[in-house]
Each structure stands twice: as C-alpha cells, then as structure tokens.
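K.L.:
Counted the way our numbering counts, the sequence shown spans residues 41 to 271. Even glycine gets a Cβ: it sits at the ideal position worked out from N, Cα and C.
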Amino acid sequence: MIFTIDQWAWSNGLRDASPRRKGLAALFGLILSLSFPLPAVSATVIILAALLLTVKARLPLQTFLKLMTVPAAFLLTGTVTIAFSLSPVDAVWQTSIYSYMIGISAQGLHEATTLLLRSLGATASLYFFVLTTPMVDAIELFNDLRTPRILTDLMLLTYRFTFVLMETTQAMITAQEARLGYTTTANSFRSFGILAANLFIRSLLRSRDLYTALAARGYEDELRVLPRKRG
41 MIFTIDQWAW SNGLRDASPR RKGLAALFGL ILSLSFPLPA VSATVIILAA LLLTVKARLP
101 LQTFLKLMTV PAAFLLTGTV TIAFSLSPVD AVWQTSIYSY MIGISAQGLH EATTLLLRSL
161 GATASLYFFV LTTPMVDAIE LFNDLRTPRI LTDLMLLTYR FTFVLMETTQ AMITAQEARL
221 GYTTTANSFR SFGILAANLF IRSLLRSRDL YTALAARGYE DELRVLPRKR G
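1) Please specify which runs of the alpha helix (DSSP H), each continuous and at least 4 residues long, are wholly inside the segment 175-259, giving them in chain order.
2) With distances taken between CB atoms, is the gap from residue 98 to residue 174 smaller than 9 Å?
3) Check whether the segment 174-189 and the segment 52-69 touch, using three or more Cβ-Cβ pairs below 8 Å as the test.
4) Using a Cβ-Cβ cutoff of less than 7 Å, which residues in the same chain neighbour residue 154 once the five nearest sequence positions on both sides are dropped?
5) Tell me the rounded alpha-carbon separation between residue 212 and residue 235.
6) If you draw a straight line from the alpha carbon of residue 208 to that of residue 191, how long is it in whole angstroms?
7) Take every Cβ of the segment 158-166, pair it with every Cβ of the segment 110-120, and state whether three or more of those distances are shorter than 8 Å.
8) Could you name the residues that DSSP lists as bridge partners for residue 168?
9) Between the segment 86-103 and the segment 143-150, can you find at least three pairs of beta-carbon atoms closer than 8 Å?
10) Quick check: what's the CA-CA separation for residue 138 versus residue 45?
11) Please classify residue 245 as buried or exposed, where buried requires at least 16 other C-beta atoms within 10 Å of its C-beta.
12) DSSP on residue 124, reduced to helix/strand/coil?
13) From 171, 251, 221, 66, pick the residue whose C-alpha is nearest to that of residue 101; which is it?
14) In whole angstroms, give me the CA-to-CA distance for residue 226 and residue 238.
15) Which of the three DSSP states, helix, strand or coil, is assigned to residue 104?
16) Keeping to the same chain, check which residues put their C-beta closer than 8 Å to that of residue 67; ignore five residues upstream and five downstream.
17) Go ahead and pull the three-state DSSP assignment for residue 76.
18) Should residue 85 go down as buried or exposed, given a rule of 16 or more other Cβ atoms within 10 Å for buried?
19) For residue 148, count neighbouring Cβ atoms within 10 angstroms of its own Cβ and tell me buried if that reaches 16, exposed if not.
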C-alpha cells in the first residue's frame, strides 16, 4: 500500500499543483469531518475527496476504494461495539444470550454510523493530500509553516527508512522462496522466524550505510530539500 501511495503522489494529475492549496483543501475537509457531527457532512467530504482524486488527480476509483477499505475495516471493529447495548430500549435488533438481552439500539446505531463516517471523512481528506503531494513538496509546505527542523528531518528519515525496511523484507522473502522456504507449514514457520530475527540487523546495516552516504556528501545534522520551481 505504501508503494501505491508513493507512486500516485509522484504521477497524479495534481502533481504540479501548489502544495499549499492541496494542504488547505485537506485541512478544510478534516475540520469539516471532525467539527460537524452530521453524517451528511462527512459523507459529502468523502464524495468530494473521491471526485477530486478520480477526476482531477486521475486516480482510479478502484484504487481509492481499496485504500479506504484498510482504515474502514479497522474503524468498523471499534465502532460496531458502540451500536450494541444490554437490554436496549429502542431496539432495532436484539437477541437473548442465556438470561441477558443484547441488541442494537437506534441511538447506538446512529452514533456508530456518525463516528464511522466522521473518521472516514477525515481519512479521505488526508488521503487526498498524501496521494497528490510527494514528500519533497510536503516538506516544502511544512518549512513554509515554520515547522521545527527536527520534525521535518524525522519525517524524511522515517519516510526513507520505511522503504529500506520494505525493500529488505522483500529481498529476504524472495531469497527464502527461491530456497523453497515456504513449501510446507513447518518451513513457513521456520522461514518466518529467520526473517524476523535477521530483519532488524539487515535494516540497521542498511541504515548505517545510508548515514555513511549522507556524511560523505556533507551532512551536518540538517537535511536540505530544495523547493521545486513551478511554472
């Protein structure tokens, strides 16, 4: 999923748009979703974000929906419990378990739906920003906002080390598959254990190589990113 987000951030139709405008649009959608506890408002934010991404940024709708299913599945596990209550007064559905009555109340269902849509609206707003704005443009925006340098440097390093970790993991899995490491259940458990034991060491070595490369290029505790010129 991270590779998909990064690829579209660099190749979308809004790539050359001002990061300030994209940041304001995302912030506006985020504020609307979190400030107004109305399902219609959150649903409108989600639809607008989907339209901007699919029409303006030319992102396939299927890709956007697939990305939204990840936070949606996570949010459902938390919001579904809000709809249930013991002996609901205004029950939409209920059943008996031993001597207890458990069901879904109308108020609980409304609260769960509102919370789910508000969270998805905020997520869609953030997706709009990250799917249309590469990291270098995001850093430019944060620098304009006078964000402390230590925070932007941590963002860049985390961004880079995430891909280092993923590349190292994929290389190790490919090597294990070439040696039939996942042909049986026992081999899969053993290969996964070896992967977990060696992944940190390999990633640490890659990180050290990256720091050595930065030091060789004059790194002095500050990562400088040149803003891109726009026509």
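P.N.:
The structure says:
1) If we require 4 residues or more, the alpha helix (DSSP H) runs fully inside the segment 175-259 come out as 175-184, 189-218, 225-256.
2) Not in contact: residue 98 and residue 174 (Cβ atoms no closer than 9 Å).
3) At 8 Å Cβ cutoff, the stretches touch.
4) Take residue 154, set aside five residues on each side of it, and the residues of its chain with a beta-carbon closer than 7 Å to its own are 77, 79, in chain order.
5) For residue 212 and residue 235, the distance between alpha carbons rounds to 7 Å.
6) Using only the alpha carbons, I get a separation of about 25 Å.
7) The answer is yes - the segment 110-120 touches the segment 158-166, with three or more Cβ pairs under 8 Å.
8) Beta-bridge partners assigned by DSSP to residue 168: none are found.
9) For the pair of segments examined, the segment 143-150 was found not to touch the segment 86-103: the number of CB pairs separated by less than 8 Å stays below three.
10) Rounded to whole angstroms, residue 138 to residue 45 spans 48 Å at the Cα level.
11) Of the other Cβ atoms in all chains shown, fewer than 16 fall within 10 Å of the Cβ of residue 245; this residue is therefore exposed.
12) DSSP places residue 124 in strand when its eight states are reduced to three.
13) Closest in C-alpha terms to residue 101, from the list 171, 251, 221, 66, comes 171.
14) Cα to Cα, the separation comes out at about 19 Å.
15) Note: residue 104 maps to helix in three-state DSSP.
16) For residue 67, where only same-chain residues beyond five positions count, the Cβ hits under 8 Å are 165.
17) Residue 76: coil per DSSP, three-state reduction.
18) Per the 10 Å Cβ criterion, buried.
19) When all chains shown are included, residue 148 counts as buried.
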